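Visitor: Okay, handing you the structure first.
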Amino acid sequence: PKTLECEHLNAISQASALYLCNVGGYIGPASAMELGWARAFGKMVFVKEQCDDVTLRHFMGEQATPEQVKELMLEERATSAPSQLD
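For what it's worth, this note's numbering labels the leading residue of the sequence shown as 9, then goes sequentially.
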């Protein structure tokens, strides 16, 4: 489990965003740690469903489907891409 979690944390460090597929709004201990890790690295966080935990909800990002996240990420990339001057 430690190796797997380290791989997850490394992947989050390199990613632009984190998507939590938290069915029923459930956030377990590993997902809570990954959420904190993503926020510590300034990553955008998206969730399938909002959770009941007030503290975790404070750190959760926007509720979205994977398709919506894809569109948001593409828009973000388009607006943050440096312009090319010739």
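Glycine residues also receive a C-beta, built at the ideal position from the N, C-alpha and C atoms.
Keep in mind that this is a model prediction, so the values were computed, not measured.
Locate the beta strand (DSSP E) running through Phe-49, then write down its first and last residues.
Guide: For the purposes of this step, residue 49 is identified with residue 41 of the sequence shown, where counting begins at 1. Where Phe-49 is concerned, there is no enclosing beta strand (DSSP E), given that its DSSP letter is neither H nor E.
Visitor: So the candidates are Ala-86, Ala-72, Thr-11; which of them puts its Cα closest to the Cα of Met-52?
Guide: The residue labelled residue 52 in the question sits at position 44 within the sequence shown. That would be Ala-72, whose Cα lies nearest to the Cα of Met-52.
Visitor: Considering only the beta carbon of each residue, do Phe-54 and Glu-70 sit closer than 7 angstroms?
Guide: On the sequence shown, position 46 is the one that residue 54 refers to. On the sequence shown, position 62 is the one that residue 70 refers to. Yes.
Visitor: In this structure, how does DSSP classify Ala-40 when only helix, strand and coil are distinguished?
Guide: Walking along the sequence shown from the start, residue 40 turns up at place 32. Looking at Ala-40 - three-state DSSP - the assignment turns out to be helix.
Visitor: Provide the residue(s) that pair with Tyr-27 in DSSP beta bridges, ordered along the chain.
Guide: Residue 27 sits at position 19 when you count from the first residue of the sequence shown. Answer is Phe-54.
Visitor: With a threshold of 16 other CB atoms inside 10 Å of the CB of Ala-46, please say whether the residue is buried or exposed.
Guide: Taking the first residue of the sequence shown as 1, we reach residue 46 at position 38. Looking at its Cβ environment, which holds 16 or more other Cβ atoms inside 10 Å, Ala-46 is buried.
Visitor: In the DSSP assignment, find the unbroken alpha helix (DSSP H) run with Met-81 in it and report its ends.
Guide: Your numbering for residue 81 matches position 73 in the sequence shown. Unbroken alpha helix (DSSP H) run through Met-81: 74-88.
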